[in-house]
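Colleague: So the sequence lines, in the order shown, correspond to chains P and F.
Counting in the numbering used here, the first sequence runs without a single skipped number right up to 398 at its last residue.
Counting in the numbering used here, the second sequence runs without a single skipped number right up to 386 at its last residue.
Can you keep this structure in mind? I'll have questions shortly.
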Amino acid sequence: MASVIQQIGAVTRMNLATVPARLGTSLVIVVGIAGVVGVMVALLAMAAGFKQTLASTGRADRALVLRAGSLDELGSILGVEQARLVMEAPGIRRDQGGNPLAVGEKYVLTDVVKRGTGSPANVVVRGTLPEVTRIRPEFRIVEGRMFRTGLREVVVGRGAHDQFSGVNIGDGVDVRDGPWTVVGTFTTGGDVHESELWVDDSALRDAMRSAYFSTVVLQLEDATPATLQKLKDHLTQDPRLAVSVQREPDYYASRSQALNGFITGLGYAVAVIMGIGALFGALNTMYAAVSSRTVEIATLRAIGFGGLPVVVSVLVESMILALVGGVVGAAIAYLVFNGYSVATMNFQTFSQVAFDFKVTPALLQQALVWSCLLGALGGLFPAIRAARLPIVDALRAQ
Amino acid sequence: MKYFPLIWAALWRRKARTVLTMLSIVVAFLLFGLLQSVIAAFNAGVDISGADRLVTTGKYSLTQMNPYSYVQDIRAVDGVADVSFASWFGGVYQTERNFFAQFPVDPESYLRIYPEVLLPAEQKQAFIDTRTGAIVAKTLADKYHWKVGDKVPILSTIWPRKDGSKNWEFDLVGIFDAKDAATRGQHEYLLFQHAYFDESKPFGNGMVGWFVTRTVDANRNAEVAKAIDAKFRNSLYPTKTDSEKAFNQSFIKQMGDIESIMRGIMGAVFFTLLLLTGNTMAQSVRDRVPELAVLKTIGFSDRSVLALVLVEALLLCLLAAALGLVIASLLAPPLGTQIPGFTAMELKPAAMLAGLALAALLATIVGLPPALKAKRLDIVNALSGH
C-alpha cells in the first residue's frame with residue numbers, strides 16, 4: 001500500500017491534469033478571486049500611497065511650532081514678536097553666523113481649479129523664504145526658478161502641478177489680491193508639500209495686510225528626545241508665549257489619520273464583502289468539480305486510496321486556482337494602478353493632497369494570502385463531501 | 001403565468017448550485033446598495049438646497065474672512081430679499097473624533113433665511129435673548145445626550161478667548177430639526193451668537209466668514225450674484241458669490257475621485273458576477289438538455305423554450321438582487337450613524353430601482369446565450385446525444 005504522501009501526490013496530480021476538462025467552471029474561481037484581489041489591492045494601494053506621502057513628510061530633527069490649542073497649521077496664528085521669541089529658544093540648530101535655522105511661515109488656502117472637474121479646490125499656499133533650503137534641505141527646484149523676496153511669484157509642487165490646472169510656468173494663479181505669477185516647479189521628495197504652492201512670506205503677508213505668521217518651522221540641534229524637551233520646556237515656561245511644539249513627522253501623521261482610516265476601512269470592507277461573494281462562487285465551482293468526477297473519486301476510493309488524499313487533492317486544486325486568480329488580479333491592479341496619481345481632500349486639514357497609488361510588496365503578499373484563504377475555504381466542504389461519498393452508490397450513479 | 005411551476009422547479013433542480021449562485025448575487029447587490037447609499041450621503045440634500053439662496057465667500061478662499069459691513073452692502077443690492085451670515089468656529093467637543101460644525105450666526109436672520117430649520121417658538125426666542133445661548137441639531141443632541149438647559153463646552157482650535165483660554169461654554173437653549181429628513185445631514189451643527197463670538201475673541205473682530213442671501217426671484221440669481229461681487233471687486237476683500245447648490249456641490253467635487261472609485265469598484269464586481277452567473281446558467285441549461293428536448297417534443301415551440309430559460313435567469317437574478325438590496329437598505333442607516341458626517345446614508349427608492357434594473361440587465365446578458373442554445377436544440381440529437 002503506497003504511503004499517504006504518495007497517495008496524495010498521485011490523486012492531486014490526477015485532479016490537476018483533469019482541470020482543462022473543467023475549464024469553464026475552473027475559470028469561475030480564477031475570475032472571481034481575480035476580481036476580489038484586484039479591487040482590494042487597488043483600494044489598499046490608494047491607502048498605502050496616501051500613507052507614504054504623509055509618512056515621508058517631515059524629518060525627525062525638524063519641529064513645528066503652532067499656537068497652543070491649534071490642531072493644524074491653518075488654525076494657528078503667531079505674532080511676529082512671538083515668532084522671534086521662539087527662534088531664540090535653546091535646542092535650535094544655528095548656522096555659521098549664529099543665526100537660528102528657523103523660519104516663520106504663513107499658511108493659507110486658495111481656490112485652484114482641479115484638472116478634469118473644472119471646479120475649484122482648496123490648495124495650500126505656504127508663505128516662506130527664498131532661502132528655505134536652509135531649513136528644508138529636501139527642497140529642490142526642478143523647473144524654472146525660485147521666487148524672489150517681496151515679489152508676487154509662486155513655485156508649484158510637482159503633485160499640485162499634475163493635479164491642478166493653470167499652474168504652469170508663466171500662468172497667473174490667484175493667491176491673494178489678484179493673480180501671482182508661477183515661476184517654477186519644485187520637489188520635496190514626494191511628500192505632502194508637493195501638493196502646495198509656495199510664495200514669499202513677506203509678499204503674502206503684505207497682500208493680506210496681515211502681521212501674523214501661522215507657524216514657525218525649525219531645525220533641531222539633533223533628533224534626540226532630550227533636545228526636543230529642552231526646547232519644549234523653554235517655550236512653555238515663557239509666559240509671553242502660548243505655543244505647542246511637535247516633531248514634523250508626528251504632526252503630519254496625526255493629520256492623516258482620518259482619511260487614512262477611511263480609505264483603509266473602505267478597502268477592507270469591500271474586500272471582505274467581495275470575498276464572501278467570491279467564496280460562494282468558489283464553493284459552487286468546487287461542488288460542480290466534485291460532482292462531475294463522482295465516479296472517478298469513487299473508483300479511487302474503491303481501489304484503496306484513503307479519504308485524506310481525496311480531501312487534500314480537492315483543496316489543493318481549489319487553492320491553486322484561487323492563487324492563479326490572485327496573481328492575475330494583483331498583476332492587473334499593479335499594471336493599471338501603480339503610480340496612478342490622484343488628489344482628494346484631506347478633511348482634517350481641509351486641503352487637497354495629491355498622491356500616487358502604491359502597490360507595495362506587502363500588499364501583494366496580503367493579496368496572495370487572501371486568495372489562498374478563499375481558495376481553501378471554497379474547497380473545504382466540497383473536499384469533505386468528496387471524501388465521504390458512499391462508494392457503491394457513487395459508482396452506480398450517472 | 002401557467003408555466004411558473006415548471007420554471008420554479010427547474011430553478012431548484014440543483015439546490016446547492018442555485019443557492020450558492022443566488023448568495024453571490026445577494027452579496028454583490030448588498031455591496032451595490034451600500035455604495036449607492038454612501039454616494040447618496042455625499043450628495044445629501046444638495047438637490048433640495050434652497051434654489052433661491054446664494055452664498056458669498058472670500059474670492060480666494062472660503063477660509064478668508066470678510067468685513068461685517070458687507071451685510072448692509074449686500075442688502076442694498078437690487079434683487080436681494082434677505083441677508084444673513086455665519087463664520088467657521090472649528091471647535092472640538094471632547095475629542096477630534098466627535099466631529100460636527102459650530103457656526104456663530106445672527107439668530108434672527110439665520111433662522112429666517114433657513115426656514116427649514118425648525119424649533120419651538122420659545123426656544124427660538126431664548127436663542128435670540130441669551131448671549132451665551134446655543135441651539136443644536138436633534139441628531140447631535142441624541143448622540144451626545146444633551147438636553148435643553150445643559151452647558152456644552154467646546155474647545156476652539158482657532159479662536160482663543162480674550163483671557164487666553166480655549167474653552168468656550170454655551171448654554172443649550174434649543175434643539176432643532178430639519179423639515180425634511182433627507183436634509184438632516186445638511187443641518188447637523190451647533191449655532192451660537194455671533195455677537196458673543198466677536199466680543200469674546202482678541203483678534204479678527206468685525207469679520208465674518210460668509211454671507212447667505214435670499215433673492216427676490218430665483219431666475220435673477222446669476223444677475224444678483226454678479227452684482228454682489230461687482231460691489232466688492234476693487235476692495236481689500238473681494239468676494240465670490242455662487243448658488244448654495246453649487247457651493248455645496250463644490251465640496252463633493254473636492255472629494256472628487258471617491259465617487260468615481262466607487263463606480264469603478266461596482267464595475268469590477270459586476271463584471272466578475274457576470275461571469276459567475278453566466279457560467280451557472282450555462283451549466284444549468286447543459287444539464288437539462290434532455291428535458292428541454294422532451295418539452296420540444298411534446299409541443300413547446302422554440303420561442304417558448306427560449307422564454308423559459310430567460311425567465312429562469314430573470315427569476316434567479318431578481319430575487320437575489322432584491323434580497324441584497326433589502327439587506328443593504330436595512331444596514332445603511334445604522335452604519336451611517338457610526339461614521340461622522342454620514343447620517344444621510346440611506347438606500348433611496350430610486351437607487352433600489354436602479355439596482356433591480358441592473359439585475360434584469362444581468363439576467364438578460366447571462367441568460368441569453370444558453371436560452372438561444374436551448375432554442376436551437378435539435379430534438380433528435382439532443383435526446384440521443386447526451
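From the three backbone atoms N, C-alpha and C, an ideal C-beta is built for every residue, glycine too.
DSSP three-state call for W168(F): helix, strand or coil?
Modeller: The sequence position of residue 168(F) within the second sequence is 168, counting from 1. Correct three-state label for W168(F): strand.
Colleague: So which residues of chain P does N279(F) contact, with C-beta pairs closer than 7 Å?
Modeller: Position 279 of the second sequence holds residue 279(F). Correct list: G24, T25, V28.
Colleague: Can you say whether A357(F) is buried or exposed, counting buried as having 16 or more other CB atoms within 10 angstroms of its CB?
Modeller: Against the second sequence, residue 357(F) aligns to sequence position 357. So A357(F) ends up on the exposed side.
Colleague: Within 10 angstroms of the Cβ of D378(F), are there 16 or more other Cβ atoms? Answer buried if so, exposed if not.
Modeller: For the purposes of this step, residue 378(F) is taken as residue 378 along the second sequence, with counting starting at 1. Exposed is the label assigned to D378(F), since fewer than 16 other Cβ atoms lie within 10 Å of its Cβ.
Colleague: Identify the contact partners of A16(F) in chain P, using a Cβ-Cβ distance below 7 Å as the criterion.
Modeller: By one-based count along the second sequence, residue 16(F) stands at place 16. Ordered by position in chain P, the residues that pass the 7 Å Cβ test against A16(F) are Y287.
Colleague: According to DSSP, what are the bridge partners of W198(P)?
Modeller: The count along the first sequence starts at 1 and reaches residue 198(P) at position 198. As a beta-bridge residue in DSSP terms, W198(P) pairs with R126(P), V155(P).
Colleague: Looking at S329(F) and the ligand SAH, is the gap between the Cβ and the nearest heavy atom below 7 Å?
Modeller: Among the components of this structure there are no ligands whatsoever, and the ligand SAH is therefore not found.
Colleague: Near D174(P), which residues of its chain fall below 8 Å by C-beta distance, leaving aside the five closest residues on each side in sequence?
Modeller: Position 174 of the first sequence holds residue 174(P). Around D174(P): T110, D111, V112, W180.
Colleague: Figure out for me which residue from V192(P), G166(P), G178(P), R176(P) has the closest Cα to the Cα of G184(P).
Modeller: Here residue 184(P) is taken as the residue at index 184 of the first sequence, counted from 1. Comparing Cα-Cα distances from G184(P) to each of V192(P), G166(P), G178(P), R176(P), the minimum goes to G166(P).
Colleague: Ends of the beta strand (DSSP E) at R293(P)?
Modeller: The sequence position of residue 293(P) within the first sequence is 293, counting from 1. Looking at the DSSP string, R293(P) is not in any beta strand (DSSP E), and its letter there is neither H nor E.
Colleague: Out of curiosity, what's the CA-to-CA distance linking A55(P) and G49(P)?
Modeller: On the first sequence, residue 55(P) is found 55 positions in, with the first residue counted as 1. On the first sequence, residue 49(P) is found 49 positions in, with the first residue counted as 1. Roughly 10 Å separates the two Cα atoms.
Colleague: Are the C-beta atoms of R205(P) and some chain F residue less than 8 Å apart?
Modeller: Here residue 205(P) is taken as the residue at index 205 of the first sequence, counted from 1. No, no contact with chain F.
Colleague: Report the partner residues of G58(F) according to the DSSP bridge assignment.
Modeller: Locating residue 58(F) in the second sequence gives position 58, counting from the first residue. According to DSSP, which records beta bridges pairwise, G58(F) is partnered with T239(F).
Colleague: So the beta strand (DSSP E) M345(P) belongs to, where does it begin and stop?
Modeller: Residue 345(P) sits at position 345 when you count from the first residue of the first sequence. For M345(P), the enclosing beta strand (DSSP E) starts and ends at 341 to 346.
Colleague: With DSSP run on the structure shown, which of helix, strand or coil describes A45(P)?
Modeller: One-based indexing of the first sequence puts residue 45(P) at position 45. Reduced to three states, the DSSP call for A45(P) is helix.
Colleague: Would you kindly report the start and end of the unbroken alpha helix (DSSP H) that includes W8(F)?
Modeller: For the purposes of this step, residue 8(F) is taken as the residue at position 8 of the second sequence. In the DSSP annotation of this structure, the continuous segment of the alpha helix (DSSP H) that includes W8(F) starts and ends at 4 to 11.
Colleague: Since T95(F) meets chain P, which of its residues come closer than 9 Å, beta carbon to beta carbon?
Modeller: For the purposes of this step, residue 95(F) is identified with residue 95 of the second sequence, where counting begins at 1. Under the 9 Å cutoff, chain P gives no residues; its nearest Cβ is about 11 Å from T95(F).
Colleague: Only counting the same chain, and skipping five residues up and downstream in sequence, which positions put a Cβ closer than 6 Å to that of F127(F)?
Modeller: Position 127 of the second sequence, counted from the start, is the residue given in the question as residue 127(F). If we look at F127(F) and ignore the five residues flanking it on each side, its Cβ neighbours are P107, G133, I135, V173, G174.
Colleague: Could you list the residues in the region 231 to 253 of chain F with a C-beta less than 7 Å from some C-beta on chain P, going in chain order?
Modeller: Against chain P - using a Cβ distance shorter than 7 Å - the residues of the region 231 to 253 of chain F are L236, S250, K253.
Colleague: From the DSSP output, in three-state form, read off L101(P) for me.
Modeller: On the first sequence, residue 101(P) is found 101 positions in, with the first residue counted as 1. In the structure shown, L101(P) sits in coil (DSSP, three-state: anything other than H, G, I, E or B).
Colleague: Using CA coordinates, which residue listed in F164(P), Q237(P), V156(P), S202(P) is at the minimum distance from V182(P)?
Modeller: Against the first sequence, residue 182(P) aligns to sequence position 182. It is V156(P) whose Cα lies nearest to the Cα of V182(P).
Colleague: Can you confirm whether the region 61 to 71 of chain F touches the region 297 to 308 of chain F when touching is taken to mean that 3 or more C-beta pairs between the two stretches lie within less than 8 Å?
Modeller: no
Colleague: Would you list, in chain order, the members of the region 258 to 283 of chain P that have their beta-carbon closer than 7 Å to a beta-carbon of chain F?
Modeller: V270, I273, M274, I276, G277, F280, G281, L283
Colleague: Please check if any C-beta of chain P sits within less than 8 Å of the C-beta of K166(F).
Modeller: Residue mapping note: residue 166(F) aligns to position 166 of the second sequence, counting from 1. Answer yes: the Cβ-Cβ gap between K166(F) and chain P drops below 8 Å somewhere.
Colleague: Leaving out five residues before and five after L241(P) in sequence, what residues of the same chain have Cβ atoms less than 8 Å from its Cβ?
Modeller: The residue given as residue 241(P) occupies position 241 in the first sequence. The answer, listed in chain order, is Q82, L85, V86, L235.
Colleague: Note down, in chain order, each residue of its chain lying with its Cβ closer than 7 Å to the Cβ of N205(F), except the 5 sequence neighbours on either side.
Modeller: Walking along the second sequence from the start, residue 205(F) turns up at place 205. D198.
Colleague: Check the Cβ of F42(F) against every Cβ in chain P and list those closer than 9 Å, keeping chain order.
Modeller: Mapped onto the second sequence, residue 42(F) falls at position 42. Neighbours of F42(F) on chain P: none; closest Cβ ~12 Å, over 9 Å.
Colleague: With DSSP as the reference, label I332(P) as helix, strand or coil.
Modeller: Working through the first sequence from its first residue, we reach residue 332(P) at position 332. Reduced to three states, the DSSP call for I332(P) is helix.
Colleague: Among D356(P), G58(P), M14(P), R176(P), which has the Cα closest to the Cα of Y334(P)?
Modeller: Counting from one through the first sequence, the residue named residue 334(P) turns up at place 334. Comparing Cα positions, the closest option is D356(P).
Colleague: Counting only C-beta atoms, is F271(F) closer than 8 Å to chain P at any point?
Modeller: Counting from one through the second sequence, the residue named residue 271(F) turns up at place 271. Output row for F271(F): interface = yes.
Colleague: With DSSP as the reference, identify every bridge partner of S56(P), one or two as the case may be.
Modeller: What you label residue 56(P) is simply residue 56 of the first sequence in a count that begins at 1. In DSSP, S56(P) forms no bridge with anything.
Colleague: What are the residues that DSSP puts in a beta bridge with E143(P)?
Modeller: Within the first sequence, the letter at position 143 stands for residue 143(P). Note: E143(P) is bridge-paired with T185(P) in the DSSP secondary-structure output.
Colleague: Below 8 Å on the Cβ atoms is my contact criterion, and I expect G325(P) with L368(P) to pass it. Report the Cβ-Cβ distance as a whole number of Å.
Modeller: Reading the first sequence from its first residue, position 325 is the one you call residue 325(P). Reading the first sequence from its first residue, position 368 is the one you call residue 368(P). That belief does not hold up - the Cβ atoms of G325(P) and L368(P) are roughly 10 Å apart, past 8 Å.
Colleague: Report the three-state DSSP secondary structure of L220(P) (helix, strand or coil).
Modeller: Within the first sequence, numbered from 1, the residue matching residue 220(P) stands at position 220. Of the three classes helix, strand and coil, the one that applies to L220(P) here is strand, per DSSP.
Colleague: Could you tell me whether any Cβ in chain P is nearer than 8 Å to the Cβ of L190(F)?
Modeller: On the second sequence, residue 190(F) is found 190 positions in, with the first residue counted as 1. L190(F) does not count as touching chain P.
Colleague: With 8 Å set as the bound, which would you pick, yes or no: does the beta-carbon of Q352(P) sit closer than that to a beta-carbon of chain F?
Modeller: Position 352 of the first sequence holds residue 352(P). Cβ-Cβ to chain F under 8 Å: yes for Q352(P).
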